[in-house]
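Below is one structure, written out as structure tokens; comments come after it.
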Amino acid sequence: MSTTAKTRVFVVNDQKPMCMLWQRMINIQDDMECVGAAYDGNSAVSEGGPLKPDVVVMDVMMPGIDGYEAAEKIKAVSPRTRIIICSARSDIHDRSREIGASAALVLPVAPEALIRVIRKVVEISPHMAHSVEEPTLEATDVQPDDTPMPQ
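Counting with this note's numbering, you get residues 908 to 1058 for the letters of the sequence shown.
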């Protein structure tokens, strides 16, 4: 039995089915646990920030404050948290870099790709990951693996 701590992930998406899918995907991984979920930007800040998760998977377009603003507020209280920005819009990379996101994914993204990106951003030093000069990861930047997915 491993004593390695699991990566703590908080998910944010205003579409509950998508949020629930992300939670299930994360929770079936041996090295991750979903510590919570929110369905709007304000709840992401009030519920996710105090948890100081290792990673936040954040949708952009949500009621209340958008994912970018919510991510900035979470990073203000938890600077070591890595942010993965997700959006159906393809123009998210520059803004994601500006706010210090570790990765930006254009939806739809394959579940196994999201899991690989979570693992990849955890490998990166938090200070390096949040530097504006560092490139933001995309789903295509990581190699396939045998990640278990929900059936």
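Using N, Cα and C, we set each Cβ at its ideal position, and we do this for glycine too.
Does DSSP classify residue i as helix, strand or coil?
i	result
L1012	strand
M969	coil
A1017	coil
S994	strand
A912	coil
R1004	helix
R987	coil
E1041	Reliability of the predicted coordinates at E1041 is poor, the pLDDT of 38 falling under 50, and no value is obtained from them.
Output needed for residue i: all residues of its chain with C-beta closer than 6 angstroms, excluding positions within five of it in sequence on either side, in chain order.
i	result
I933	V916, M939 and C941
H1037	Note on H1037: pLDDT 41, under 50, position unreliable in the model; no value is reported.
V1013	S997
E979	I1006
Suppose you measure from the CA of residue i to the CA of residue j; what does that come to, to the nearest Å?
i	j	result
G956	I972	14 angstroms
V1029	K982	15 angstroms
V964	A912	19 angstroms
L958	R996	28 angstroms
P924	A944	12 angstroms
I990	C926	16 angstroms
Going by beta carbon distance, what residues of the same chain come within less than 8 angstroms of residue i, once the five residues before and after it are set aside?
i	result
P1015	A995
V967	D973, G974, Y975, I992, C993, S994, R996 and I999
By Cβ distance below 7 angstroms, which residues in the same chain neighbour residue i in space, the five residues on each side in sequence not counted?
i	result
D947	D921, M969, P970 and G971
E954	G943 and A945
P960	R915, V916, F917, V942 and T988
N949	G971 and I972
Quick one: using the 10 Å Cβ neighbour count with 16 as the cut-off for buried, is residue i buried or exposed?
i	result
S985	buried
D937	exposed
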